[in-house]
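Numbers 91 to 329, taken from this note's numbering, label the letters of the sequence shown in order.
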Amino acid sequence: ATTQFVTTATTTTTTTATTTMEESKAQVEHKGNQLSYLFSHPNSGATYTTKLYSSVYHHMFPKEEETVVIASNYASSCAKNNHGQVYPVFDDENSPCYLKQPSSSSTTNINHPTYILTITHCGGHCTTASTNCPPQDYIETYASFEQACRTTSSTSTAFLQHRDNGVYSHENITKAIHLYRNPFDNVVSRFHAARYEHERQVSLRDNASKTSKQWLKSHPNNKLGFQQWCMDHDEDDDS
Numbered sequence: 091a092t093t094q095f096v097t098t099a100t101t102t103t104t105t106t107a108t109t110t111m112e113e114s115k116a117q118v119e120h121k122g123n124q125l126s127y128l129f130s131h132p133n134s135g136a137t138y139t140t141k142l143y144s145s146v147y148h149h150m151f152p153k154e155e156e157t158v159v160i161a162s163n164y165a166s167s168c169a170k171n172n173h174g175q176v177y178p179v180f181d182d183e184n185s186p187c188y189l190k191q192p193s194s195s196s197t198t199n200i201n202h203p204t205y206i207l208t209i210t211h212c213g214g215h216c217t218t219a220s221t222n223c224p225p226q227d228y229i230e231t232y233a234s235f236e237q238a239c240r241t242t243s244s245t246s247t248a249f250l251q252h253r254d255n256g257v258y259s260h261e262n263i264t265k266a267i268h269l270y271r272n273p274f275d276n277v278v279s280r281f282h283a284a285r286y287e288h289e290r291q292v293s294l295r296d297n298a299s300k301t302s303k304q305w306l307k308s309h310p311n312n313k314l315g316f317q318q319w320c321m322d323h324d325e326d327d328d329s
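In structure tokens form, the structure reads like this:
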């Protein structure tokens with residue numbers, strides 16, 4: 091399978107190919123942090139891509155904190171302080187959050203515009219891989235899909251328990267990277283993600299653990315388990 095990358099930008103075109111330090115500083119001070127979306131269907135390689143991006147960025151700018159340029163719309167994957175609070179990109183309760191704790195100088199970069207690579211899965215998919223969504227749940231309008239790209243989720247410490255979602259402004263979104271994967275590979279990846287979610291549920295040892303344990307038994311990590319998972323979805327779609 092081949093992973094392909096398409097990049098788009100909505101920034102204003104300049105008359106020169108280079109930007110002076112003074113111009114760059116003014117741009118950062120005027121705009122502040124800018125978001126560069128990394129949007130994809132869940133389980134399409136966003137984690138691998140962010141690790142690769144972080145490594146390349148650190149190589150290009152060795153004196154800076156390489157992780158500061160990576161954020162996520164999903165608090166469950168973000169760094170947290172001792173009180174369980176995330177590190178937001180903006181001073182907004184609905185803001186994306188950093189994957190790792192930023193340095194004290196993370197938002198005062200004067201060498202180049204500060205673009206934050208931000209993971210988002212937008213809309214048109216099940217919230218969790220272990221949920222069988224009916225076909226109508228995948229239907230999005232342009233407006234609902236665009237808003238879903240700007241929607242953040244706050245996840246509690248209990249697995250798969252979500253609090254209210256929030257939506258941030260589109261004003262600071264200036265670039266986008268579209269990561270897409272062979273859909274057949276993605277189906278297999280979603281099966282693995284479903285098993286992972288049930289395994290996590292079993293580890294909590296709560297009332298739902300018994301159901302997840304039974305699901306894992308009837309969906310082993312092999313061809314038969316995958317086929318059963320596909321049949322489960324077919325049956326739900328026909329009902």
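Even glycine gets a Cβ: it sits at the ideal position worked out from N, Cα and C.
For the alpha helix (DSSP H) assignment, the uninterrupted runs of no fewer than 4 residues enclosed by the region 120–154 are, from N- to C-terminal side, 136–150.
The beta carbon of residue 319 sits closer than 7 Å to those of 281, 284 and 309, all from its chain and outside the five residues before and after it, given in chain order. Judged by DSSP in its simplified three-state form, residue 176 adopts strand. In the three-state scheme derived from DSSP, where H, G and I count as helix and E and B as strand, residue 161 is classed as strand. Put simply, of 235, 179 and 259 the residue whose alpha carbon is nearest the alpha carbon of residue 214 is 235. Burial state of residue 258 is buried, judged by a 10 Å Cβ sphere holding 16 or more other Cβ atoms.
CA-to-CA, the gap between residue 150 and residue 143 works out to about 11 Å.
Non-local beta-carbon contacts of residue 139 in its own chain, meaning distances under 7 Å to residues more than five positions away in sequence, involve 128 and 269 in chain order. Considering only 175, 293 and 315, the residue with the shortest C-alpha distance to residue 305 is 315.
Beta-bridge annotation (DSSP): residue 187 is paired with 162 and 178.
It is roughly 38 Å from the alpha-carbon of residue 126 to the alpha-carbon of residue 321. The DSSP-derived three-state label of residue 220 is coil.
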